[in-house]
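Asks: Sharing a structure, written as structure tokens. Questions coming.
Chains as they are written, first to last, in full-length UniProt numbering: chain B, 1 to 274; chain G, 1 to 476.
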């Protein structure tokens with residue numbers, strides 16, 4: 001009897017909760033697969049999807065967002081073999097799952113840790129609270145493909161931002177597979193959008209996009225490109241996370257800066273009186 | 001309007017020197033290239049003093065002095081001792097408060113009651129507040145080992161000269177950084193008096209350096225490779241240029257930029273209180289306030305009543321001598337700013353909005369602009385979109401809370417907003433939806449050193465004030 005012929009997977013983009021091919025009809029061969037080669041138009045479409053998702057996601061309760069991030073960890077746990085098959089070490093998958101759990105718990109704690117009442121010198125109620133900045137463009141690190149990706153997506157979305165992620169061009173399969181995890185985790189469509197392909201095509205569009213509020217340049221290894229992108233980002237004063245050092249330890253405690261850089265602090269005053 | 005006898009504050013308390021050098025490494029020094037400019041009193045156009053203009057070599061000298069002080073003195077100094085210097089400065093500011101207030105009003109044009117009762121007390125409070133943080137940084141919530149950044153380059157505007165200096169210098173020094181600060185070219189005098197206060201406090205040389213000059217001096221400062229931190233308050237246009245200039249560097253950047261705040265009045269708001277808030281929102285400091293409530297949104301059903309009351313109130317505002325204690329509205333800070341206010345106001349009329357000012361006699365000399373409102377303003381008008389930075393209010397109306405939110409957020413800015421209503425749940429509902437860093441409900445233009453201030457969107461990033469304000473000066 002002949003051996004069964006395997007059903008291969010088509011790796012596509014992840015935009016607005018759906019898996020479209022690139023509107024350009026292009027793909028590129030990487031990791032022995034054809035992967036969508038996203039265009040500038042795909043990047044703009046992804047921003048539209050991300051913007052549409054802001055109201056619902058930022059407006060969701062912190063408890064709800066926390067549960068959904070925890071659900072992502074549950075789904076990832078169940079699919080760990082898929083990521084190992086794509087080349088991730090067991091330790092990397094473990095760390096990626098644990099990172100979702102870690103960030104899930106922050107959803108309803110960061111506002112308490114990072115906000116609070118201010119003792120102003122007068123009869124006023126005065127409260128500061130963090131709010132999501134909106135749509136965040138994210139350049140995922142080249143490697144580790146899964147842990148690096150999770151480490152940039154989770155801190156951006158846990159507080160209520162939505163993201164457009166440019167995946168690692170040399171190892172995009174983990175990103176597309178993570179999209180399948182996200183799609184089955186009750187995460188509303190458009191909260192995470194993933195573009196595969198060349199950074200030089202999609203990222204300048206995202207950096208210059210006037211409806212993007214912040215940009216995370218973590219995965220931009222080329223210092224000159226990073227500076228160019230930061231210049232583009234200045235046009236509407238995007239909040240900027242600068243590139244991570246090449247020797248960044250992705251297994252270390254991430255701290256809160258990735259979350260807080262993508263937050264706005266709103267302070268509300270009201271007089272006290274009868 | 002009934003008459004008051006003039007009640008001018010004496011200027012004899014201030015001793016203005018004919019000329020001032022740069023404050024570098026604890027001493028006043030002449031600039032390398034010998035350039036200078038004049039600072040004038042905008043209420044009389046009288047020249048107050050000749051001010052040194054720092055060129056790039058002078059900026060370099062100041063940055064090196066700051067670096068030296070950071071590495072040798074201020075950086076290694078225990079927080080406990082940094083705190084004591086800052087407390088000392090706060091106390092000297094309180095002791096010399098009248099002098100500072102008079103000098104601020106002379107150089108800036110703002111009414112003495114404002115510099116005396118708002119600006120200078122807040123300056124002292126700011127130093128006092130941040131002094132207390134200097135030895136408690138590890139408890140500030142930024143992790144167990146927050147570190148200072150190094151040398152901070154700080155560029156401040158002319159609308160609150162001494163207060164903006166305090167917002168910049170106090171947290172920077174508390175966090176263990178040293179600074180080079182450039183005051184605005186039209187209002188350098190209180191910063192130079194502050195330099196004398198640093199000397200009086202025996203603050204180690206080089207911890208605070210003041211370089212005076214205009215845009216070129218500021219550019220040389222923020223672009224200097226020896227600075228680790230850039231903090232700027234001013235226009236959004238310049239803020240963007242600075243963001244581009246620091247791209248690709250290690251410099252940490254915070255920006256506090258322009259605004260076009262909506263002040264939203266609902267039909268259940270107490271009209272008299274709301275009108276006081278509207279007046280305070282747009283006419284405080286001649287409207288030279290980045291968070292000014294320059295777009296008034298009135299619920300349609302009460303628009304006529306609110307406007308009638310507002311006009312009646314505006315007719316009581318006294319415009320004139322900034323040193324007179326009765327004065328509500330002082331002088332416009334400069335001829336250039338007056339020209340900009342006039343240009344935008346003329347655009348308001350040309351685009352079809354209706355202009356109104358109370359009868360108002362303006363002095364012959366100096367730069368003056370009568371308090372002005374425009375009604376019939378649409379969201380497309382320039383006066384509804386662009387920051388005027390003067391005593392000019394654009395009035396729009398709305399019907400539903402959702403429409404108010406839509407109109408309020410319809411701007412690239414996001415610095416502040418005001419809400420006037422008696423309904424608590426509506427305040428919180430609105431506050432959640434307004435994309436602005438400071439929301440004043442049933443009040444306006446309130447500031448406090450413990451309360452974070454700063455913008456969303458193109459009003460900048462980072463916060464000044466409170467625990468949040470420390471983060472701008474720490475490596476966390």
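C-beta atoms are modelled at their ideal positions from N, C-alpha and C, and glycine is treated no differently. Keep in mind that this is a model prediction, so the values were computed, not measured.
Report the three-state DSSP secondary structure of residue 324 of chain G (helix, strand or coil).
Replies: Here residue 324 of chain G sits in strand by DSSP.
Asks: Quick check on residue 92 of chain G: does DSSP put it in helix, strand or coil?
Replies: Residue state, collapsed to three classes: helix.
Asks: Got a sec, what are the start and stop residues for the alpha helix (DSSP H) residue 244 of chain B sits in?
Replies: Element bounds for residue 244 of chain B: n/a, residue is neither H nor E.
Asks: Would you list, in sequence order, the uninterrupted alpha helix (DSSP H) runs of no fewer than 4 residues that lie entirely inside the region 187-211 of chain B?
Replies: Entirely contained in the region 187-211 of chain B, the alpha helix (DSSP H) runs reaching 4 residues are, in chain order, 199-208.
Asks: Could you give the first and the last residue of the continuous alpha helix (DSSP H) run that contains residue 351 of chain G?
Replies: Element bounds for residue 351 of chain G: n/a, residue is neither H nor E.
Asks: Quick one, which of B:71, B:46, B:274 and B:103 has its alpha-carbon nearest residue 158 of chain B's?
Replies: Per the Cα distances, B:103.
Asks: Could you pull the DSSP bridge partners for residue 474 of chain G from this structure?
Replies: According to DSSP, which records beta bridges pairwise, residue 474 of chain G is partnered with G:148.
Asks: Which term fits residue 10 of chain B, buried or exposed, when burial requires 16 or more other beta carbons within 10 angstroms of its beta carbon?
Replies: Exposed.
Asks: By alpha-carbon positions, which one of B:20, B:73, B:259 and B:235 ends up nearest to residue 243 of chain G?
Replies: Here the closest residue by C-alpha is B:235.
Asks: Please state whether DSSP places residue 299 of chain G in a helix, a strand or coil.
Replies: In this structure, residue 299 of chain G counts as strand in the three-state DSSP scheme.
Asks: Residues of chain C with CB closer than 8 Å to the CB of residue 442 of chain G, please, in chain order.
Replies: In the structure shown, chain C cannot be found, because the protein chains are B and G.
Asks: To the nearest angstrom, how far is it from the Cα of residue 170 of chain B to the Cα of residue 31 of chain B?
Replies: Each residue's Cα considered, the two are about 8 Å apart.
Asks: Could you give the DSSP three-state label for residue 461 of chain G: helix, strand or coil?
Replies: Three-state result, residue 461 of chain G: strand.
Asks: Which partner residues of residue 381 of chain G appear in the DSSP bridge assignment?
Replies: Its beta-bridge partners do not exist; DSSP assigns none.
Asks: So residue 55 of chain G is in the alpha helix (DSSP H); what residue range does that whole segment cover?
Replies: Taken as a continuous stretch (DSSP letters only), residue 55 of chain G belongs to no alpha helix (DSSP H), as it is neither H nor E.
Asks: Of all the CB atoms in chain G, is at least one closer than 8 Å to the CB of residue 237 of chain B?
Replies: For residue 237 of chain B, the answer is yes, since a Cβ of chain G falls inside 8 Å of its Cβ.
Asks: Have a look at B:73, B:16, B:111 and B:106 and flag the residue whose alpha-carbon is nearest the alpha-carbon of residue 94 of chain B.
Replies: Per the Cα distances, B:73.
Asks: Taking residue 270 of chain B as part of the beta strand (DSSP E), name the residues at either end of that continuous run.
Replies: Note, residue 270 of chain B: beta strand (DSSP E), 263-271.
Asks: Suppose only complete runs of 4+ residues qualify. What are the alpha helix (DSSP H) ranges in the region 55-129 of chain B, listed by chain order?
Replies: Taking only runs of at least 4 residues, the alpha helix (DSSP H) segments lying wholly in the region 55-129 of chain B are 62-78, 80-85, 90-106 and 110-114.
Asks: Measure from the alpha carbon of residue 476 of chain G to the alpha carbon of each residue in G:37, G:44, G:119 and G:147, then state which is nearest.
Replies: Checked all of G:37, G:44, G:119 and G:147; the closest Cα to residue 476 of chain G is G:147.
Asks: For residue 148 of chain B, report the span of its alpha helix (DSSP H) as first-last.
Replies: Its alpha helix (DSSP H) spans residues 145-157.
Asks: Can you name the start and end residues of the alpha helix (DSSP H) that residue 129 of chain G belongs to?
Replies: From DSSP, the alpha helix (DSSP H) with residue 129 of chain G extends over 120-133.
Asks: Between residue 135 of chain G and chain B, is there a C-beta pair that is closer than 8 Å?
Replies: Closer than 8 Å: no.
Asks: I'd like to know whether the C-beta of residue 113 of chain B is nearer than 8 Å to at least one C-beta of chain G.
Replies: Yes, its Cβ sits closer than 8 Å to a Cβ of chain G.
Asks: Spatial neighbours of residue 40 of chain G within its chain, please: C-beta separation below 7 Å, excluding the five flanking residues on both sides.
Replies: The answer, listed in chain order, is 46, 47 and 48.
Asks: Hey, quick one: how far does the alpha helix (DSSP H) through residue 193 of chain G stretch, first residue to last?
Replies: Segment 189-200, the alpha helix (DSSP H) holding residue 193 of chain G.
Asks: Any contact of the region 90-108 of chain G with the region 116-125 of chain G, i.e. 3+ C-beta pairs under 8 Å?
Replies: Result yes; three or more Cβ-Cβ pairs closer than 8 Å.
Asks: Unbroken alpha helix (DSSP H) runs of length 4 or more, entirely within the region 2-44 of chain B: which are they?
Replies: As far as the region 2-44 of chain B is concerned, it has no whole alpha helix (DSSP H) run of at least 4 residues.
Asks: Are residue 375 of chain G and residue 129 of chain G touching if we call contact CB-CB under 8 Å?
Replies: No, these two residues do not count as a Cβ contact at 8 Å.
Asks: Around the C-beta of residue 336 of chain G, are 16 or more other C-beta atoms found within 10 angstroms, so that it is buried, or is it exposed?
Replies: Counting Cβ neighbours within 10 Å, residue 336 of chain G comes out exposed, since fewer than 16 surround it.
Asks: Just to confirm the assignment, what range does the alpha helix (DSSP H) spanning residue 283 of chain G have?
Replies: Where residue 283 of chain G is concerned, the enclosing alpha helix (DSSP H) stretches over 271-283.
Asks: CA-CA distance, residue 254 of chain B and residue 150 of chain B?
Replies: Near 12 Å, if we compare the C-alpha coordinates of residue 150 of chain B and residue 254 of chain B.
Asks: Are the C-beta of residue 266 of chain B and some C-beta of chain G separated by less than 8 Å?
Replies: So, interface residue.
Asks: Taking 8 Å as the cut-off, decide whether the C-beta atoms of residue 414 of chain G and residue 293 of chain G are in contact.
Replies: No. Outside cutoff.
Asks: What does a CB cutoff of less than 6 Å around residue 405 of chain G pick up in its chain, not counting 5 residues either side in sequence?
Replies: Within the same chain, residue 405 of chain G has close Cβ partners 433.
Asks: So, are the CB atoms of residue 182 of chain G and residue 155 of chain G less than 8 Å apart?
Replies: For residue 182 of chain G and residue 155 of chain G, yes; Cβs fall inside 8 Å.
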